[in-house]
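All you need for the working numbering is the position in the sequence shown, starting with 1, plus 9.
Scroll down for the structure; my scribbles are underneath it.
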Amino acid sequence: MSPQVSIVGAGPWDPELLTLAARDRLARADVVVVDYLVNPAMLMHCRPEAEIHQRVAGPHGQRIGPKLDQERVNALMVEAAKAGRYVVRLKGGDPMIFGRGAEEAAYLRAHGVDFEFVPGVSSAVAAPECAGIPVTHRQHTPAVSFVSGYEAYEKAGLEVAWQHLANSAGTLVLLMSVKNCRANAQRLIDAGREPSTPAAVVRWGTRGIQRTVVGTLADIGERIEAAGIRPPAILIVGGVVGLREGIDWFERRPLHGRRILVTRAADQGARLVRRLSAAGADAVPFPCLGVAPPEDAAPLDALFEDLDALDGVIVSSPNGARALFEALRRHELDVRCLAGVSIAAIGTGTRDALIAGGLRPDIVPARAHSEGLLAALDEAKLADRRWVHLRADEGRAVLHEGIEARGGSYRLVVAYRTIRPALPALLLRSIASVDEGGEGFDGVYFSSGKAARHFLESASQGREPAALREQLARARVVVLGPVTREAVEALGIRVDRVAASPGEDDVVAAFVEGLADAD
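Spelled out as C-alpha cells, the structure:
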C-alpha cells in the first residue's frame, strides 16, 4: 500500500543534492508542506496544480507567506491525507536530524495515516565539506558529534552534556548555532575545552552565497558578529578546522557569492544551472518559457501527406525537433520518409536534438539565427527551393522574406507554442530584493526576447514593477546573440554581455566577465 504522506529530506539547499527519490515524490504530490530552508527552485518538480504551503518565516526572519505553526502542519497533513490527497512534507536537510521528522511521524501514526521517510543530505556533513573541513580524518579524529546549538532542547529539559563534549576527542558540529554561538563556545571552554581550539561557522552551506568564518573557541563569537553572519549556519569545533586552509575550494570559484537567474525553459535550463553552480554561482532555475502544442496541429500533420511538395525542412529549435518526431510517431512513420529532403537546423542544440532522434541535418549555419541560415542556404545554392519552416507561434519574418526574394517558396508550420509557465509563489518571492523580504539576484540570462517579456510579467506579480526595474538596473544581464539583445533592449532592459553561442561555457564566461566588471 502506498504511503499517504512522505516525510522527505530536501538536502541543505543545492538542488543537485536533492535525491532522485525526493524528486519522484514531489512530481506526484497533491499537497506539499515545505520548510523555508528548502530551495524554492525544488518546487519546480511539482505539478502546476499541486497545493504548496510554507512552514515558517522566510530569509532574514521576514515572513514571505502565511505562517504555519507545528500544530497546524500536523492537522494539515492529516486532513489532506484523509481526503485522499498525497502529501509531501518537505524538510531541509534530513528529516531525522533536528527536523521533527519523528514527531510528525508519530502524529500521523496516532491518526491512522500511513507514511514513509525519504532521507536527505544533512547540512551537518555537507556544509563543512563545502567549506573544506572534513568532520573526520585519519590523522585527526575518528569521531564526530552532532549537537543542537539551540536552547529549545534545554527548555524541554534535555540539557546538552557540555562536560562530555568538551572532553571528547572528536569533532563537534553544532547546528542552529548563530544566536547562541558565543554562549555555546564559552560553555565548552568552561567545561574544559581549550580556548585555542579551532572553530568555524559556515552560513548557507552548499549555496553559492556560502560564507565561512574561522577562529577559535575564544573569539568565534566576536568574529561572526563582526562579519554580520545570520542564520542559517552551523558551528564546527575541532582540529579538523585547521585543514580548511589546504583544501578549501567552494568559495574560491569565480562566480561565488553571485545569485544568477536562468530563464530558459525548465527542461532546457538544467545544464546551464549546473554549469553556473560549478563556477560558484547561486544559480536559480526561473523558467520563463514553457512549451504547449499548437492550437491547430493540422498543418504539421499535413506535412506528411505530400512530401513530394517540398525540398527542405527548416527546424528552428530543439522543441521544433521534438514536435517533428512526435508528428512522425502519430503517423506511424520514421525518419526514412524524409529521405531526399534537405534538413536545416538553426543552432547546435537543434542539431543535437535532431541527431538524437535519428535525423542528421544537412545544413547547420555557423551563426545560429535566421540571417546565418540564409547565408548558409546561399552558399549551398539551396535558397530557391521549396522550404517548410517548423518553429514556435511567434518569430521574425526574415526567412520568409529572404527565401521568397531568392525565388524559393516558404511555408510556415507552427509546431508548438511558447507560453509563460506558472511559477511557485515561494520562488517568485525569493527573487525580490532583501528589503522586500527576498534574496535578490546579481545576474539574469535571457535566451530570447519573449523570455525577457515573460520575466517582467512573472517577476512583477505582487510587486511594484518599478522595484523590479531597479533590481535589473543593478544586475548584470547576459543574452544570447544580437537578435535577443535588440529585443531585450527594446523592453528597456540594459544588456551587459552577449554570449557568443548558446553553449553553457560561453554563457558562464559572459557572466564571469560581466560580474568582474561590476566589482
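All C-beta atoms in this analysis are idealised placements derived from N, C-alpha and C, irrespective of residue type, glycine included.
Since the structure is predicted, the reported quantities are computational estimates derived from the model, not experimental observations.
| Query | Result |
| --- | --- |
| Option in R494, G452, A330, N328 with minimal Cα separation from D526 | G452 |
| Beta-carbon gap between P104 and G129 smaller than 9 Å | yes |
| Collapsed DSSP secondary structure at V521 in the structure displayed | helix |
| Beta carbon of T145 nearer than 9 Å to that of I245 | no |
| 4-residue-minimum alpha helix (DSSP H) runs that sit fully inside the segment 453-523, ordered along the chain | 458-468, 474-483, 490-499 |
| For A194 and A208, believed in contact at Cβ under 8 Å, the rounded distance | 7 Å |
| Residue-level contact to chain B via CB, G255, 9 Å cutoff | Of the protein chains in this structure there is only one, and it is not chain B. |
| Buried/exposed call for V223, threshold 16 Cβ in 10 Å | buried |
| Nearest neighbour of G102, chosen from W213, P12, V153, D33 [CA to CA] | W213 |
| Strand pairing of S157, partner residues [DSSP] | L184 |
| Helix, strand or coil at T28 [DSSP, three-state] | coil |
| Short Cβ contact (9 Å threshold) for E352 with R369 | The identity of residue 352 in the sequence shown is Ile, whereas the question assumes Glu. Yes. Within cutoff. |
| Between the CA atoms of R438 and V344 - distance to the nearest angstrom | 46 Å |
| Any 3 or more C-beta pairs closer than 8 Å across the segment 478-489 and the segment 450-469 | yes |
| Given 8 Å, three or more beta-carbon pairs between the segment 18-27 and the segment 79-97 | no |
| Which of helix, strand or coil DSSP assigns to L9 | Residue 9 lies beyond the range of the chain shown here (10 to 528); nothing can be said about it. |
| Reference E254, options G512, P143, A301, closest by Cα | P143 |
| Delimiting residues of the beta strand (DSSP E) encompassing F359 | The sequence given here places Thr at residue 359; Phe does not occur at that position. Run containing T359: none in the beta strand (DSSP E); it sits in the alpha helix (DSSP H), 357-365. |
| Where D39 sits in the DSSP three-state scheme | coil |
| Neighbour-count burial assignment, R273, 16 or more Cβ in a 10 Å radius | buried |
| Nearest to P374 (by Cα), restricted to the options G141, E260, A354, V169 | A354 |
| Sufficient close CB pairs (3 or more, under 8 Å) joining the segment 185-204 to the segment 255-265 | no |
| Selected residue, minimal CA-CA separation from A290, among S418, L167, V271, C297 | V271 |
| Whole-angstrom C-beta distance between A115 and Q13, which should lie under 8 Å | So it is not a contact: roughly 15 Å between Cβ atoms. |
| Spatial neighbours of V87 in its chain, beta-carbon cut-off 8 Å, leaving aside the 5 residues before and after | Y116, L117, H120, V122 |
| Rounded Cβ spacing between G404 and P511 (contact assumed at less than 8 Å) | Not confirmed; about 17 Å, so no contact. |
| Under 9 Å between C-beta atoms of E479 and S442 | yes |
| Same chain only: Cβ atoms within 6 Å of L386, ignoring 5 sequence neighbours per side | A392 |
| Integer Cβ distance of F455 from R268, believed to fall under 8 Å | That pair is no contact at about 16 Å. |
| Beta-carbon contacts of I8 that lie in its chain and below 7 Å, excluding the five residues immediately before and after | An answer regarding residue 8 cannot be provided, because it is not within the stretch 10 to 528 covered by the chain. |
| Classification of L302 by the beta-carbon crowding that lies within 10 angstroms, buried from 16 upward | The question names Leu, but residue 302 is Pro in the sequence shown. That one is exposed. |
| Three-state secondary structure assigned by DSSP to Q63 | strand |
| CA nearest to the CA of A508, picked from L500, P296, E522, G501 | E522 |
| Close Cβ partners of A50 (< 7 Å) along its chain, the five nearest in sequence each way excluded | P24, V293, P294, L436 |
| Within 9 Å, strictly: CB atoms of H409 and Y419 | yes |
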